[in-house]
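Chains as they are written, first to last, in this note's numbering: chain A, 1 to 416; chain B, 417 to 717. Virtual Cβ for every residue (Gly too), placed ideally from N, Cα, C. Note that this is a predicted model, so its numbers are computed, not measured. What follows is a short report on a single structure.
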């Protein structure tokens, strides 16, 4: 059985929490004591049924205000798959939280209120999904019960969204008409919409193909830790421990260590007490090389025939995540996987109005602003473009005055 | 070209190992908080997978309430001997003797909340900058929102409104002096995942997890082990029942469930069917809807 991480974009008004509550409730993922706590709570729907949205409210401030502030993670499973939901807030002021939840997701659910159709918020959420390169998109047209389960309404909205999806280069987009409140097409197929021939949302989530083939060209493994027992019997043991970021490694593959550029050959691969002949993206492994070369944390091992980009000047899309605005005069720390280096912002190229998608000239970057910048790093980075290889194409900026994570970066080009 | 796919337990394991190695790489003086419960036992197994044949780059730390199940301590000492790693014990009794905390009174007295002070003192005394814990996001709704690298101020407090964004698999462990980070490598595991992993890896557990005969009393609808640490009076009726524990904590606040499950397979079957969540058997969460949120803000695990 495999694992699918997805995130939900939408606001409380779109019925996002109700949808998640419905998925959990209809898959029997709510336990008796949680249900009891729910029933004791004062919040009920108008018809007296349990308000499923309460299931996803975590913090006291959120319950008091009836909104979602931070990402909440929820877990459920069916016979076919295990799921992790990142329940992210939809309001523009929580854009950074949405990006946090979306960054590790393979699929996005975009909620659209069938009464309102594609609105500014839909455009904003879809833009973020496109920016982060989420592979699969499901547009759920919710509250179909409020528009008489109308096929015409469904068609009008999906036509409008398809134009948007083309503009944003979203690839795999699926439309599902649902009512989270009544349960139509969430887990069980709806009796109210015989015109809809597709799967229910849950069936879609269970069946969507998220596997990838092995890709030796993209073999990259940042070294996190060097295992050196230095005992008598393991005097010469030197293992490079890390998680395969992308691609695959085989025993006898020729690999290059970056940034030094030294090459060697993989002698042995270990996963604890096992010695597999090949390993793939996502696995935490220990590699042994034939030659004794100087490698430490922050270095990255890559396929010698397919080297990543190497540059100190990089063009990147950025989402600013701190209340202190971007300051071109200070030095930030850039963390790219296990590598940390100093970094300055050389130039602000433009900012994007994420409600209209217009590019604007920009002189500053504030909380939740998104756009393009050019950075200069102290050490050259061994990176891939985010579009080609997400796992090696992203980084964060840290403000060394506060140690806060202040920006998400997605590498787009080598700058001159 | 054939497709490959990680099984969910392999994926969760790989993620946890990645996180443990990030702790080793980013911090000067990390520690692994070990309670003797199944979650921290799982962490020890994951640490073996992350660092063997080398030594762990951190000691194990046990915050000892003095009100332990005897079986937990026996297990702990045997395990330490097996893995050959360092154990540091922070004692709640010492904190009481030093007058830093006062023993609770009354029928529901427990040392659970006193642990926070001992934990913070142990962190300060040893200068730990990162503490690895076995908390999971499926346990409780405040935990569902906590980051994997969760920064605490010098008073050990968690500020849910000022959490750092945590993007992709990049973990920012930068802190100021006096602060520390709580790290939760099995954040994304569910209770059932932990049990399935224990079965797959053939991990030994303290015997109290399995059904056994024991004297219990019923308090607030829950079965508590009769022990000298529980303030009992004439209203309490001691019964002999076959029970097991779903979590291992202080004897005065960890409730048992009636069960015949004395094998791992039976426990997994029971949990799969179960209609009560794991923390439902913890009286410390029952106080108010925001109980866990408040304790975490105060520096709790």
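Legend entry - Interface partners of residue 229 of chain A on chain B, CB under 8 Å: 469, 470, 471
Legend entry - Alpha-carbon spacing of residue 640 of chain B relative to residue 497 of chain B, whole angstroms: 31 Å
Inset, instruction - Answer yes or no: does any C-beta atom of chain B fall closer than 8 Å to that of residue 27 of chain A? - result: no
Inset, instruction - Give me the Cα-Cα distance between residue 502 of chain B and residue 287 of chain A, rounded to the nearest whole angstrom. - result: 27 Å
Inset, instruction - Starting from the Cα of residue 279 of chain A, find the closest Cα among A:155, A:250, A:289, A:255 and give me that residue. - result: A:250
Legend entry - chain A contact residues for residue 612 of chain B, given Cβ-Cβ distances below 8 Å: Chain A residues near residue 612 of chain B: none, gap ~10 Å exceeds 8 Å.
Inset, instruction - Could you tell me whether the Cβ of residue 445 of chain B comes closer than 8 Å to any Cβ of chain A? - result: Chain A, which has no Cβ nearer than 8 Å to the Cβ of residue 445 of chain B, makes this no.
Inset, instruction - Helix, strand or coil for residue 378 of chain A, going by three-state DSSP, please let me know. - result: DSSP places residue 378 of chain A within a strand segment (E or B) once states are collapsed to three.
Inset, instruction - Keeping to the same chain, check which residues put their C-beta closer than 6 Å to that of residue 208 of chain A; ignore five residues upstream and five downstream. - result: 136
Inset, instruction - Can you tell me which of the three DSSP states residue 219 of chain A falls into? - result: Reduced to three states, the DSSP call for residue 219 of chain A is coil.
Legend entry - Helix, strand or coil at residue 10 of chain A [DSSP, three-state]: coil
Legend entry - DSSP three-state assignment for residue 618 of chain B, whether helix, strand or coil: Reduced to three states, the DSSP call for residue 618 of chain B is coil.
Inset, instruction - Kindly indicate if chain A contains any beta-carbon less than 8 Å away from that of residue 616 of chain B. - result: no
Legend entry - CB contact check: residue 465 of chain B to chain E, cutoff 8 Å: Considering every chain present, this structure includes no chain E. Its protein chains are A and B.
Legend entry - Residue-chain proximity (residue 527 of chain B, chain A), Cβ-Cβ < 8 Å: no
Inset, instruction - Identify the contact partners of residue 75 of chain A in chain B, using a Cβ-Cβ distance below 7 Å as the criterion. - result: 554, 606
Inset, instruction - Measure the beta-carbon distance from residue 395 of chain A to residue 301 of chain A and round it to whole angstroms, keeping in mind my assumption that it falls under 8 Å. - result: In fact, because the Cβ distance is near 18 Å, the residues do not count as touching under 8 Å.
Inset, instruction - Name the residue from A:326, A:339, A:376, A:403 whose alpha carbon lies nearest to the alpha carbon of residue 366 of chain A. - result: Closest in alpha carbon position to residue 366 of chain A, among A:326, A:339, A:376, A:403, is A:326.
Inset, instruction - Would you tell me roughly how many angstroms separate the C-alpha atoms of residue 3 of chain A and residue 140 of chain A, rounded to the nearest one? - result: Rounded to whole angstroms, residue 3 of chain A to residue 140 of chain A spans 21 Å at the Cα level.
Legend entry - Continuous beta strand (DSSP E) stretch holding residue 167 of chain A: start and end: Here residue 167 of chain A belongs to no beta strand (DSSP E); instead the alpha helix (DSSP H) covers 151–167.
Legend entry - Residues, ordered as in the chain, of the region 170–198 of chain A that lie near chain B by beta-carbon distance below 9 Å: none
Legend entry - Expected contact under 8 Å - CB spacing of residue 96 of chain A and residue 581 of chain B to nearest Å: 5 Å
Legend entry - Any chain B beta carbon closer than 8 Å to residue 237 of chain A: yes
Inset, instruction - State buried or exposed for residue 491 of chain B, treating a residue as buried only when at least 16 other CB atoms are found within 10 Å of its CB. - result: buried
Legend entry - Between the CA atoms of residue 363 of chain A and residue 105 of chain A - distance to the nearest angstrom: 32 Å
Inset, instruction - Would you identify the three-state DSSP class for residue 576 of chain B, choosing helix, strand or coil? - result: helix
Legend entry - Positions along the region 427–461 of chain B whose CB lies within less than 7 Å of some CB in chain A: Residues passing the 7 Å Cβ filter: 427, 430, 433, 434, 437, 438, 440, 441.
Inset, instruction - Measure how close the beta-carbons of residue 527 of chain B and residue 483 of chain B come, nearest whole angstrom, since I'm counting them as under 8 Å. - result: 5 Å
Legend entry - Cβ-based neighbour list, residue 322 of chain A, same chain, cut-off 7 Å, excluding 5 preceding and 5 following: 367, 399, 404, 406
Inset, instruction - Would you kindly check if the distance between the Cβ of residue 217 of chain A and the Cβ of residue 306 of chain A is under 8 Å? - result: yes
Inset, instruction - Could you say if the region 378–396 of chain A and the region 108–123 of chain A meet the contact criterion of at least three C-beta pairs nearer than 8 Å? - result: no
Legend entry - Contact the region 293–300 of chain A vs the region 251–267 of chain A: 3+ CB pairs below 8 Å: yes
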